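Here is the structure we will look at, set down as structure tokens.
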Amino acid sequence: MNVSPDKCPVATGPHGVPDAGAFRERWRRELEPLDGMVLTAAANPAADDLDDLLCLFHDLGCEAVTLGDRGVAERAREVENVLLDEGLSAGVDRILDATDWILHHLAAGGEAGAAADPGRDAAVELRSLDPDTLRDFLDEADEHLQEAEARLLALEQAPDATESLNAAFRAFHTLKGMAGFAGLAPVQSLAHAAEHHLDRARRGEIALVGDDLDLALAATDALKRLSADVAAALRGDGLLRVPAAVSALAARLAPPPPSGGLVMLSRGRERAGEPAPPPAAAAVAAAPSPHPAASAQREAVRVSADRLDRLVDTIGELVIIEAMIRRTCDPRLMPVEQQRNLERLAKLSRELQRIGLDVRMVPVRPVFQKMTRLVRDLARKSGRDVELRTGGEETELDRSVVDLLTDPLIHLLRNAVDHGIEADPAQRVAAGKPARATIGLRAYHEGGSIVLEVEDDGRGLDRDAILDKAIRRGLLPPGAQPPDHAIHDLIFLPGFSTATQVTEVSGRGVGLDVVRRNLEELRGGMEIASEPGRGCRFRFRLPLTLAVIDGLTLGVGDETYIVPTLAVRRVVRPTPADIVRPFDGDELLRDEGALIPLLRLHERFGVPGGEPERSVALVVEGDGCRVGLVADDLLGQQQVVIKAFEGTDGGVPGIAGGTILPDGRVALILDIPVLIRSVRARCERGRAMPAGA
Amino acid sequence: METTTRNPVTAAPGSYLGFRLGAETYGLDIGVVQEISGMLPVTRVPGAPDHVRGVVNLRGRVVQVVDLRRLFGMEAATETRRTSLVVCRIEDGEQTAVAAAVVDDVTEVLNIDAAAIAPHSGGGAGAAVAGLAQLGGAVIILLDAARVFFGDEPGGAA
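In order, the protein sequences belong to chains W and S. Quick note: the first sequence uses numbering that gives the first Met the number 0, first residue 0, plus one each step. Quick note: the second sequence uses numbering that gives the first Met the number 0, first residue 0, plus one each step.
Structure, rendered in structure tokens:
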């Protein structure tokens, strides 16, 4: 906790009175290098860093409160919460966002001289506005902002692309119209300012590079935040608080007209149903349809997520009922006509189930767009010249899985930029590679999974350094020469990767153990391929949907349990000779020459019975470790729809959820990673875990 | 009124769904009752609290079932045709949860006015009791649904 030991808790002026100016100055200095600090800390998670950051933001929050600067105080508290709840790696984006906001706010205060004065923060009472128009605005704002951002980033790559410029201009223009129509004056002003900024670029008054491009992107970010704030305010107290920094940003984008009316954020509703003509009339001709209605021409229809879930649930019920009917009717006793109808019903319900799953599929494009921005920011911060090439943005996956992609992707991309790519372009040129580094990000389907690849053309993994480290840590015997893939796998070992020596030399594998474990919990996995000097490729795999799995049905006493097929390596019927019980330990199963721990489901779940003679053992794998699960019988294999338990607080360890069997009863789905961890904990209490295969 | 400090949930007057467990009549606020269903096959959930009998398939949803007899320390009853599930929908902050309780028999909807409600000195499993009501000479035990299903003080409030 040594961010700045000399820092006093409250900024004071010459007479010990809280001084807003000193506060701003000092905290700007304090926070300016924070981006780098956060990124480094996120890449090398050490408890100290987290504490330092917590301390820093806590102090900032306290001081801001003392000075009455609610905006900064709230943001600082938000960062504290993110740090505590999600940790540094998961929350890094939100932390950076908040830090950006605070810096903008402080900087704007420096210019306007009143940032710390809450009187300058404007507010809009949303309850007085039309809820339907607001909802329309929220529904569409994100899309336009994403479009704007994507186009701006494209412009960065190709500054002469007028089509990109026009498209970004149109996006802001549409947003301005929608905001005006909804009565969101501050949003309208900022969108207008951004539009004006782009218009100047279109007229050639400014070039959208460097700071001017950053300014446009800052407007996109601020608008995103405003739209998120609108959504939050609608759920909360209905008051949209607009920080003074927003008007300051608008002022930087578009110098205010003499009256100042544009940037003054009025509380009232500014009627702007018809978008104000952009400053240059000629610009309109260049933009084919700068009209809010343009977005209505899409072929897609917007459906609320709730309604969609209800539809999919109902389809699920129908499929189950259909299965139950077929199970209880004997077709031989039925009139032919009825038999035929039943067949048709079965076919239709299968079709419906397929559609039901289809409906939930969305493309990965938005995630990739976010990554484009991330890589750009990371590259700028680390001073590397990096181009991100994306492919397969159209690849679709279940809505519930999309959010789960973000974390591993951020992790791998940050790794690639910070450690994979050579810091010195000369090194690259010397190695015969272009000075500008390329990171590839691709998505595609393979089997029932979506595969994502992050590939860089950096220096690759240093095989010798890893091997050396592993031997010195006693993970491998001296002189061992394992195959490449086994060496690469070593960087997934907990603790191994964070060792500074390897990080410095090979520069890879930071915190990857955590990423891989999270992926396995989602029934996915990660692998790695590397070529020294040419680069490194990480591939990770997630199921297309979390709603349906292939499962093996197990009988345990009178009870039925499901094991996700993906976790199962082999199914064996062990003979007594296959099971070993050391005199002081738990039972072990011979598995391909190794001994693995056994978990008898009868014992674990308190089911009576369990004759060893006719039992079946499933060798399951997770977290780099194998365990044999013993049950009475293997009843079959089927696709099952995973249902969360309703009305439970917390859930039960070892049980991932339930599914409905064709006879209408509920069967429980085993949570393999949790079971494996519990076995491992048991073994570690006893003695060392026997080495896996 | 020192009882209110020990058991801050106090039954409000209004309509209650009456049901029986053994000889006693109980009431649950009709506002949280979503439906009443016949008994369904229950799947035991290993590791769940003792008063949770398991989960059932309620038209495609997997819903937790609380055994009120176990919750109140009564002995188990044999299932009859009248054994029912009272399915409740509970708003808990932003979330709504659906859960069911096994009861011996559902009787009728009871209208209980404020004067009939006596405070209850809750403790133990009684924490789920929100009050007692006098109705035509009988005593109705009024339950707090949120505490029955998500008992913040399982096994004892003290």
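Positions of the beta carbon are idealized from the N, C-alpha and C atoms, including for glycine. Here the structure is a predicted model, which means the values were calculated and not measured.
With H, G and I counted as helix, E and B as strand and the rest as coil, what does DSSP make of residue i?
| i | result |
| --- | --- |
| Leu525 (chain W) | Position check: residue 525 (chain W) holds Met in this sequence, whereas Leu was assumed. If DSSP states are grouped into helix, strand and coil, Met525 (chain W) belongs with the strands. |
| Leu440 (chain W) | strand |
| Ser303 (chain W) | coil |
| Phe539 (chain W) | strand |
| Pro287 (chain W) | With a pLDDT of 39 at Pro287 (chain W), under the threshold of 50, the modelled position of this residue cannot be trusted, and the question is left open. |
| Val71 (chain W) | helix |
| Ala221 (chain W) | helix |
| Lys432 (chain W) | coil |
| Met38 (chain S) | coil |
| Ile490 (chain W) | coil |
| Thr313 (chain W) | helix |
| Asp456 (chain W) | coil |
| Leu67 (chain S) | helix |
| Arg25 (chain W) | helix |
| Cys54 (chain W) | helix |
| Ser348 (chain W) | helix |
| Val101 (chain S) | strand |
| Gln337 (chain W) | helix |
| Glu162 (chain W) | helix |
| Phe171 (chain W) | helix |
| Pro531 (chain W) | coil |
| Ser188 (chain W) | helix |
| Met73 (chain S) | coil |
Using a 10 Å radius around the Cβ and a threshold of 16 neighbouring Cβ atoms, would you call residue i buried or exposed?
| i | result |
| --- | --- |
| Cys328 (chain W) | exposed |
| Asn56 (chain S) | buried |
| Tyr560 (chain W) | buried |
| Ala434 (chain W) | exposed |
| Arg306 (chain W) | exposed |
| Glu34 (chain S) | exposed |
| Asp143 (chain S) | buried |
| Leu248 (chain W) | buried |
| Lys432 (chain W) | buried |
| Ile324 (chain W) | exposed |
| Glu78 (chain S) | exposed |
| Tyr15 (chain S) | buried |
| Ser127 (chain W) | exposed |
| Gln638 (chain W) | exposed |
| His693 (chain W) | In this structure chain W extends from 0 to 692, so residue 693 (chain W) is not present and cannot be described. |
| Asn110 (chain S) | exposed |
Should residue i be counted as a contact of the ligand ZN given a C-beta to heavy atom distance under 7 Å?
| i | result |
| --- | --- |
| Val31 (chain S) | What this structure holds is no ligand at all, so the ligand ZN is not there to describe. |
From the options, pick the residue whose C-alpha is nearest to that of residue i; which is it?
| i | options | result |
| --- | --- | --- |
| Asp236 (chain W) | W:Glu124, W:Ala422, W:Val665 and W:Leu332 | W:Glu124 |
| Ala89 (chain W) | W:Ala193, W:Pro365 and W:Asn517 | W:Asn517 |
| Ala166 (chain W) | W:Val570, W:Glu142 and W:Leu475 | W:Glu142 |
| Gly135 (chain S) | S:Ala10, S:Asp112 and S:Leu84 | S:Asp112 |
| Asp138 (chain W) | W:Ala160, W:Leu344 and W:Met177 | W:Met177 |
| Ile89 (chain S) | S:Val108, S:Val62 and S:Ala76 | S:Val62 |
| Phe149 (chain S) | S:Arg58, S:Leu70, S:Pro40 and S:Leu20 | S:Leu70 |
| Leu39 (chain S) | W:Arg681, W:Pro672, W:Asp670 and W:Val665 | W:Val665 |
| Glu74 (chain S) | S:Val54, S:Val41, S:Asp103 and S:Ser14 | S:Asp103 |
| Ala149 (chain W) | W:Arg372, W:Gly179 and W:Arg69 | W:Arg372 |
| Asp397 (chain W) | W:Gly605, W:Thr98, W:Ala160 and W:Arg364 | W:Arg364 |
| Gly592 (chain W) | W:Phe604, W:Leu600, W:Arg599 and W:Asp577 | W:Asp577 |
| Asp461 (chain W) | W:Asp483, W:Glu77 and W:Gly473 | W:Asp483 |
Query - Near-chain W residues of the segment 46 to 75 of chain S (beta-carbon distance less than 7 Å), N- to C-terminal order - result: Along the segment 46 to 75 of chain S, going in chain order, the ones with a CB nearer than 7 Å to a CB of chain W are Gly46, Ala47, Val54, Val55, Asn56, Arg58, Gly59, Arg60, Val61, Val62 and Gln63.
Query raised in the report: When the Cβ atoms of the segment 533 to 551 of chain W are set against those of the segment 436 to 455 of chain W, are three or more pairs found closer than 8 Å?
Result: yes
Report task. Check whether the segment 569 to 587 of chain W touches the segment 20 to 28 of chain S, taking contact to mean three or more Cβ pairs, one atom from each stretch, closer than 8 Å. Result -> Flag = no, the segment 569 to 587 of chain W and the segment 20 to 28 of chain S do not touch.
Report task. Report yes or no: do the segment 228 to 235 of chain W and the segment 198 to 218 of chain W share at least 3 C-beta pairs separated by less than 8 Å? Result -> In short, these stretches do not touch, since the Cβ pair count stays below three.
Query raised in the report: In the segment 310 to 323 of chain W, which residues sit with their C-beta less than 7 Å from some C-beta in chain S, listed in chain order?
Result: Under the 7 Å Cβ criterion, the segment 310 to 323 of chain W contributes Asp312, Gly315, Glu316 and Ile319.
**Report entry** Residues within the segment 592 to 610 of chain W neighbouring chain S, beta-carbon criterion of under 7 Å
**Finding:** Phe604 and Gly605
Query raised in the report: Quick one, which residues of the segment 19 to 43 of chain S are near chain W if we go by CB-CB under 9 Å, in chain order?
Result: Those residues of the segment 19 to 43 of chain S placed with their C-beta closer than 9 Å to a C-beta in chain W are Leu39, Pro40, Val41, Thr42 and Arg43, ordered along the chain.
Requested in this report: Could you list the residues in the segment 663 to 682 of chain W with a C-beta less than 9 Å from some C-beta on chain S, going in chain order?
Outcome: Gly663, Arg664, Val665, Ala666 and Leu667
Query - Members of the segment 550 to 576 of chain W that neighbour chain S once the beta carbon cut-off is set at 9 Å - result: Hits within the stretch, in order: Glu558 and Thr559.
Requested in this report: Below 8 Å between beta carbons is the criterion; list the residues of the segment 92 to 118 of chain S that meet it against any residue of chain W, in chain order.
Outcome: Ala96, Val97, Ala98 and Ala99
Requested in this report: Give a yes or no on contact between the segment 383 to 395 of chain W and the segment 525 to 537 of chain W, applying the rule of three or more CB pairs nearer than 8 Å.
Outcome: no
Query raised in the report: Is it true that the segment 653 to 663 of chain W meets the segment 312 to 324 of chain W, where meeting means three or more beta-carbon pairs spaced less than 8 Å apart?
Result: yes
Requested in this report: Note down, in chain order, all residues in the segment 650 to 662 of chain W with a beta-carbon under 7 Å from any beta-carbon belonging to chain C.
Outcome: Within the model displayed, chain C is absent; protein chains W and S are what it includes.
Query raised in the report: Using 8 Å as the threshold, is the segment 217 to 229 of chain W in touch with the segment 46 to 60 of chain W, meaning 3 or more CB pairs across them?
Result: Cβ pair count under 8 Å is below three, so no.
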